[in-house]
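To start, the structure under review is shown below, and the notes come after it.
In the working numbering, the protein residues as written are 49 to 292.
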């Protein structure tokens with residue numbers, strides 16, 4: 049099995065990855081999980097920087113030792129794998145566009161197959177519900193605005209994106225796009241400079257931006273009594289010329 053790496057998000061000190069299987073027919077998104085964590089109670093143990101740093105999105109990988117994972121909605125993309133081996137090549141521009149188009153949801157339609165629930169400041173799905181945990185939303189660049197703050201006890205700033213679009217609505221989401229954040233952080237930039245860089249970078253992507261949306265693994269937040277799968281912004285691509 050070969051995949052094209054699509055999502056690369058930060059998850060604590062590791063990375064959460066997702067890719068598209070290279071095959072004829074309908075697009076199938078998978079979330080490769082390291083098989084060494086097969087017995088973990090919660091599937092929130094990702095790939096180490098040691099294994100992934102130096103690679104890029106849209107890079108093609110051979111999946112070694114794939115094994116189906118027990119369905120845990122909304123995370124129906126999970127796939128246990130022994131390892132990933134780079135094929136030292138990347139998807140063409142045409143392939144990239146096709147993937148973003150095929151995974152895009154229409155504005156106004158439920159992003160994950162069923163409507164998201166809301167709190168005062170966040171969107172989520174209850175564990176055990178939903179038809180998928182990853183999707184693409186295409187929005188105008190002018191509807192995207194970044195902000196940030198320092199949270200007590202956190203090792204870094206809390207970066208958020210404000211979206212003014214139907215679907216998720218007028219909402220602010222945590223940003224987990226590793227490569228976009230890496231560009232903003234270069235040169236030990238302060239928070240204000242990071243936010244400026246993020247806004248400039250996204251507006252350079254063109255009129256339309258493809259935002260990869262994802263749902264977290266279930267966890268309790270904001271003093272809630274039960275774990276929930278929270279909506280996050282996993283990736284930002286130019287819709288016309290998808291970059292790495």
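Heads up, the beta-carbon is just placed ideally off N, CA and C, and yes, glycines get one too.
Apply the 10 Å Cβ neighbour rule to residue i and answer buried if 16 or more other Cβ atoms are within range, or exposed otherwise.
i: residue 203; result: exposed
i: residue 155; result: exposed
i: residue 230; result: exposed
i: residue 274; result: exposed
i: residue 200; result: exposed
i: residue 278; result: buried
i: residue 264; result: buried
i: residue 282; result: buried
i: residue 94; result: buried
i: residue 209; result: buried
i: residue 258; result: buried
i: residue 226; result: buried
Compute every distance between the C-beta of residue i and the non-hydrogen atoms of the ligand MG, then say whether any falls below 7 Å.
i: residue 49; result: Questions concerning the ligand MG fall outside what the structure shown contains, since it holds no ligand whatsoever.
Could you check which residue in the options has the C-alpha nearest to that of residue i?
i: residue 170; options: 120, 125, 223 and 132; result: 223
i: residue 132; options: 259, 265 and 81; result: 81
i: residue 205; options: 243, 283, 255 and 266; result: 243
i: residue 260; options: 195, 49, 251 and 147; result: 147
i: residue 135; options: 157, 110 and 128; result: 110
i: residue 193; options: 59, 247 and 159; result: 247
i: residue 183; options: 151, 225 and 101; result: 151
i: residue 66; options: 57, 74 and 73; result: 57
i: residue 160; options: 280, 98, 71 and 290; result: 280
i: residue 127; options: 64, 60, 219 and 79; result: 79
i: residue 294; options: 256, 267, 268 and 195; result: Because the chain is modelled from 49 through 292, residue 294 falls outside the range shown and cannot be assessed.
i: residue 180; options: 219, 196 and 153; result: 153
i: residue 172; options: 219, 198, 138 and 137; result: 219
i: residue 75; options: 149, 197, 174 and 208; result: 149
Please check the pair residue i and residue j, which I expect to be a contact at CB under 8 Å, by giving their CB distance rounded to whole angstroms.
i: residue 77; j: residue 125; result: 5 Å
i: residue 287; j: residue 254; result: 7 Å
i: residue 129; j: residue 114; result: 5 Å
i: residue 284; j: residue 228; result: 5 Å
i: residue 177; j: residue 122; result: 6 Å
i: residue 158; j: residue 266; result: That belief does not hold up - the Cβ atoms of residue 158 and residue 266 are roughly 19 Å apart, past 8 Å.
Checking the sheet assignment: what are the DSSP bridge partners for residue i?
i: residue 210; result: 193 and 220
i: residue 146; result: Looking at the DSSP assignment, residue 146 forms no beta bridge with any residue, so it has no partner.
i: residue 276; result: 267
Mind checking if residue i is an interface residue toward chain B, Cβ cutoff 8 Å exclusive?
i: residue 255; result: Here chain B cannot be found, since the structure has a single protein chain.
Between the stretch 175-191 and the stretch 204-214, can you find at least three pairs of beta-carbon atoms closer than 8 Å? yes
Touching by the beta-carbon criterion (3+ pairs, under 8 Å), the stretch 161-172 and the stretch 223-237: no
Using 8 Å as the threshold, is the stretch 82-100 in touch with the stretch 140-154, meaning 3 or more CB pairs across them? no
Taking three-plus beta-carbon pairs below 8 Å as touching, is the stretch 49-63 in contact with the stretch 90-108? yes
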